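For reference, the structure discussed in these notes is given below.
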Amino acid sequence: MALIYIVEDDTNIREIERFALQNSGYQVEEFSDAGEFYSGVFSKTPDCVLLDIMLPGEDGLTVLQKFRRLPGMKRIPVMMVTAKTTELDKVKGLDLGADDYITKPFGIMELISRVKALLRRSMGTGEEEPLFADPIMLDGIKRMVYVHGQPCTLTYKEYELLKFLLQNRGIVLSRDVIMERIWDVSFEGESRTLDVHIKTLRQKLGSAGKLIKTVRNVGYRIE
3 MALIYIVEDD TNIREIERFA LQNSGYQVEE FSDAGEFYSG VFSKTPDCVL
53 LDIMLPGEDG LTVLQKFRRL PGMKRIPVMM VTAKTTELDK VKGLDLGADD
103 YITKPFGIME LISRVKALLR RSMGTGEEEP LFADPIMLDG IKRMVYVHGQ
153 PCTLTYKEYE LLKFLLQNRG IVLSRDVIME RIWDVSFEGE SRTLDVHIKT
203 LRQKLGSAGK LIKTVRNVGY RIE
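In the numbering used here, the protein residues as written are 3 to 225.
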């Protein structure tokens with residue numbers, strides 16, 4: 003049974019998240035601030051973290067940054083929960099190592115679907131054969147990406163998105179197909195999620211990011 007950590011200072015929202023997750027069969031630990039969360043992490047490693055951005059004291063982005071520096075925590079999926087809706091706030095979270103985000107107010111079914119997707123990908127096994135799009139190489143066994151032979155650190159979502167593109171190299175993938183495959187949700191109402199992840203993925207790939215092509219009004223492909 004997966005262990006989910008909720009870091010949220012709003013009691014009502016925290017209770018809603020806890021109730022939904024427990025009803026879906028997950029173990030849940032709740033924390034109202036950064037200090038409590040760090041103590042929980044040092045005591046037991048979670049399988050996934052729901053992290054609010056607007057926390058008292060240390061904000062969620064600072065907590066995320068510190069969390070990723072802790073031994074063994076780089077691969078734990080983190081979903082940012084925020085009332086902020088600007089692209090800049092979302093990009094900051096993704097750049098600091100968040101794997102996904104959800105904006106308040108959110109639906110319970112959407113929350114559970116996103117958590118399930120994060121856990122499924124974090125606990126899955128990699129492919130035996132590496133995937134290539136010169137100078138990009140994706141090693142499915144190690145879950146590592148290399149550009150010009152140098153390691154490129156990606157979040158879970160960025161990794162899965164790049165893998166899906168490489169598995170279908172040269173093929174135009176519609177936005178609907180990508181959203182359903184990577185996020186397990188329909189494209190409707192999620193226009194910025196994919197765009198933000200494509201943007202950060204291109205940035206992290208550096209000059210190789212230009213291999214990811216936008217096909218106007220359709221979707222994306224990697225050459």
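A virtual CB, placed ideally from N, CA and C, is assigned to each residue, including glycine. This structure is a prediction, so every number in the text was calculated from the model and none was measured.
Taking the alpha helix (DSSP H) that residue i belongs to, which residues open and close that run?
i           : result
residue 100 : Segment: none, residue 100 is in no alpha helix (DSSP H) and carries neither H nor E.
residue 216 : From DSSP, residue 216 is part of no alpha helix (DSSP H) but of the beta strand (DSSP E) over 214-217.
residue 156 : No alpha helix (DSSP H) contains residue 156, which DSSP labels as neither H nor E.
residue 138 : Per DSSP, residue 138 belongs to no alpha helix (DSSP H); it is in the beta strand (DSSP E), 138-141.
residue 28  : Premise fails: residue 28 is in no alpha helix (DSSP H) and is neither H nor E.
residue 43  : 36-45
residue 65  : 62-71
Among the options, which has the Cα closest to the Cα of residue i?
i           : options               : result
residue 208 : 149, 163 and 143      : 149
residue 78  : 199, 15, 194 and 101  : 101
residue 223 : 124, 112, 172 and 180 : 172
residue 144 : 124, 41, 38 and 54    : 124
residue 12  : 63, 46 and 85         : 85
residue 142 : 120, 169 and 136      : 169
residue 163 : 182, 76 and 115       : 182
residue 59  : 34, 41 and 76         : 34
residue 107 : 38, 15 and 197        : 15
residue 221 : 119, 203, 197 and 151 : 197
residue 210 : 63, 9 and 137         : 137
residue 120 : 20, 214 and 185       : 185
Assign residue i to one of three DSSP states: helix, strand, or coil.
i           : result
residue 3   : coil
residue 85  : coil
residue 57  : coil
residue 181 : helix
residue 15  : helix
residue 198 : helix
residue 93  : helix
Should residue i be labelled buried (16 or more other beta-carbon atoms within 10 Å of its own) or exposed?
i           : result
residue 48  : buried
residue 17  : exposed
residue 111 : exposed
residue 98  : buried
residue 134 : exposed
residue 297 : Look at the range of the chain in this structure, 3 to 225, and you will see that residue 297 is not part of it.
residue 54  : buried
residue 177 : buried
residue 44  : exposed
residue 127 : Unreliable positioning characterises residue 127 in this predicted model, as indicated by a pLDDT of 46, which lies under 50. The coordinate reading is nonetheless provided below. Exposed: under 16 other Cβ atoms inside 10 Å.
residue 131 : exposed
residue 95  : buried
residue 216 : exposed
residue 195 : buried
residue 76  : exposed
Could you please give the first and the last residue of the uninterrupted beta strand (DSSP E) stretch that includes residue i?
i           : result
residue 221 : 221-224
residue 121 : Here residue 121 belongs to no beta strand (DSSP E); instead the alpha helix (DSSP H) covers 110-124.
residue 75  : Element bounds for residue 75: n/a, residue is neither H nor E.
residue 135 : 133-135
residue 149 : 146-149
Do residue i and residue j have their C-beta atoms closer together than 8 Å?
i           : j           : result
residue 117 : residue 50  : yes
residue 46  : residue 72  : no
residue 199 : residue 160 : yes
residue 28  : residue 3   : yes
residue 22  : residue 104 : no
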